[in-house]
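Taken in order, these protein sequences are the chains called A and B.
Mapping of the first sequence onto the numbering used here: residues 100 to 287, in sequence order.
Mapping of the second sequence onto the numbering used here: residues 70 to 211, in sequence order.
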Amino acid sequence: MELTFKDIDSNELVLLIIPGEKVDEINESILEYFVNKKKAICVYTTFTKPYQIVLKNLQKEKIDTDKIFLIDCVTPVSEPEEISGTKKVIFCQPNSLTNISISVTTALKNMPKEGNRILILDTISTLILYNSKNSVIKFIHHLIGEIRKYGVKSFIFTLDEESDKSIISEISRFCDVSLNLSQLQMKK
Amino acid sequence: MEDTVKVVMVKHVIICNPDVTLQDAVKIMKKKNVTCLVVVKGKVPVGIITERDIMFKAVANNLDSSKVLVKQIMTSPVRTIKPEDKIYYANSILLKEGIKRMPVVKNNRLVGILTQKDLLKYFTKLRKTLALDKFGESIKSA
């Protein structure tokens, strides 16, 4: 079965359950559609790859990274948060959900009110390595409140793994739609 | 506007009298889990006694802690600061004078204590706030 971006464009909050090997492909497809085609401003929260790798991969796929702002929860930093020279990346520690939440909220608050805007959380499964499941669910629930408040289209990625099933069922209740991409093919 | 010492200082200060023995002072430090005591007469700070004073002045000289009095080994006079002084000024004093803490006084009376640790927490928070502000600004201007 195939799914097009038009199918999900009408939903504000989308939970994507993705097999590990497909994360990059799905991610790039989303960014190509929303950032390149629809000229959206994107806040990209990475829990799996440091920002240099994310940017390098996106540039390789010719995604316009000028419109992408990164919250890097992977690169180890000595301070809880600091900014890189580009002013387009901010760092958080993956075990500091409060700092991540403050950073995402700051980003949402400052996104222009006009035009297309998207938020990507890639991938929340990683957070379980550093935090309890309950804390992660509370964190996502809080973020969803903020996302609704600012009306930003958001994609929450989670891996299609047995260990994540309980989180998926909890979080999917808060989202407009949850799609399991193990069974679906995403078409641009 | 630049913050003042009042914002960062700890109001609850553990104190002792200059006439108590060193042993009693150490017991207070242990009970309250602190590394220094501000020595006061009434509410006026007259000195400070730290772990360093105890090691270098009492232990190293083999003094009897049950007999020696706090006033004999405390650091006095003690450098103090006012609550309305700027944080950067307080930090510069700590660095310049090579000290880790200062009693905060108002009208010569003890109202708090300022430590390096408190300043570090303040500057860390400030740095985070500035980073977030810059990040937010760059998104806003995208």
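All C-beta atoms in this analysis are idealised placements derived from N, C-alpha and C, irrespective of residue type, glycine included.
>> Suppose the cutoff is 6 angstroms on Cβ atoms and the five residues either side in sequence are ignored; what does the same chain contact list for B:VAL113 look like?
In response: Closer than 6 angstroms at the Cβ level, and outside the excluded window around B:VAL113, lie ASN177.
>> Can you tell me where the beta strand (DSSP E) holding A:ASN279 begins and where it ends?
In response: For A:ASN279, the enclosing beta strand (DSSP E) begins and ends at 276-279.
> Is the region 150-160 of chain B close to the region 99-119 of chain B, with three or more CB pairs under 8 angstroms?
Replying inline: Cβ pair count under 8 angstroms is below three, so no.
> Whole alpha helix (DSSP H) runs in the region 118-201 of chain A with 4 or more residues, listed along the chain?
Replying inline: Within the region 118-201 of chain A, the runs of alpha helix (DSSP H) that reach at least 4 residues and sit entirely inside it are, in chain order, 122-130 and 150-159.
> Between the Cα of A:MET210 and the Cα atoms of B:ASP88, B:THR90 and B:SER210, which residue gives the shortest distance?
Replying inline: When each option's Cα is compared against that of A:MET210, the closest is B:SER210.
> Does DSSP put B:GLY212 in a helix, a strand or coil?
Replying inline: Not covered by the structure: residue 212 of chain B. The range shown for chain B is 70 to 211.
> Mind pulling the chain D residues with CB within less than 8 angstroms of A:SER202?
Replying inline: Absent here is chain D; the protein component of the structure consists of chains A and B.
> Cα separation between A:VAL142 and A:ASN126?
Replying inline: Per the coordinates, the alpha-carbon of A:VAL142 lies some 13 angstroms from the alpha-carbon of A:ASN126.
> Got a sec, what are the start and stop residues for the beta strand (DSSP E) A:ASP216 sits in?
Replying inline: The displayed chain sequence assigns Arg, not Asp, to residue 216 of chain A. Counting along the chain, the beta strand (DSSP E) containing A:ARG216 begins and ends at 216-221.
> In whole angstroms, what separates the C-alpha of B:MET124 from that of B:PRO87?
Replying inline: Inter-residue distance for B:MET124 and B:PRO87 is about 18 angstroms (C-alpha atoms, whole angstroms).
> What residues of chain A sit near B:LYS190, judged by a beta carbon separation below 7 angstroms?
Replying inline: The premise fails here: B:LYS190 is roughly 11 angstroms from chain A at the closest Cβ pair, so nothing lies under 7 angstroms.
> Comparing the C-beta of B:SER207 with each C-beta of chain A, is any distance below 8 angstroms?
Replying inline: Yes, because at least one Cβ of chain A sits closer than 8 angstroms to the Cβ of B:SER207.
> Using Cβ-Cβ distances below 8 angstroms, what residues of the region 205-217 of chain A are close to chain B?
Replying inline: Answer set for the region 205-217 of chain A: THR205, ALA206, LYS208, ASN209, MET210 and PRO211.
> How long is the line joining the alpha carbons of A:PHE256 and B:LEU189, rounded to whole angstroms?
Replying inline: Approximately 37 angstroms between the Cα atoms of the pair.
>> Taking only three categories from DSSP, how would you classify B:THR90?
In response: Strand.
> Any idea what DSSP makes of A:LYS252, helix, strand or coil?
Replying inline: Strand.
> DSSP three-state call for B:VAL82: helix, strand or coil?
Replying inline: Three-state result, B:VAL82: coil.
>> Within the continuous alpha helix (DSSP H) that includes B:VAL76, where are the two ends?
In response: From DSSP, the alpha helix (DSSP H) with B:VAL76 extends over 74-77.
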